[in-house]
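A.B. asks: Quick one: the structure is below, and I'll ask about it shortly.
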Amino acid sequence: MSAELSLIVSDFDTEEEAAEYDLWFRAQVQEALDDPHPGIPHDEAMILLAQMLEERRRSRRAAG
379 MSAELSLIVS DFDTEEEAAE YDLWFRAQVQ EALDDPHPGI PHDEAMILLA QMLEERRRSR
439 RAAG
């Protein structure tokens, strides 16, 4: 069984909230595009992400 998403339903309660989010999101994208630092290759980024997630899992196990 697959659920179809409606294009009419919004995650935002008002048009104003949607517009504010859109502005924020576009600013974040532009900031990333303007960043002068060199990018990280995809494979390296995935390794770093996996390490961060594993570290978080270990912390949660140790705490609880």
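Numbers 379 to 442, taken from the working numbering, label the letters of the sequence shown in order.
We put the CB at the ideal spot given by N, CA and C, even for glycine.
May I ask which residues mark the beginning and end of the alpha helix (DSSP H) holding Ile425?
C.D. replies: Segment 420 to 441, the alpha helix (DSSP H) holding Ile425.
A.B. asks: Taking the alpha helix (DSSP H) that Phe403 falls in, what are its first and last residues?
C.D. replies: Where Phe403 is concerned, the enclosing alpha helix (DSSP H) stretches over 393 to 412.
A.B. asks: With the cut-off set at 8 angstroms, would you say Ala396 and Phe390 are in Cβ contact?
C.D. replies: Yes, these two residues count as a Cβ contact at 8 angstroms.
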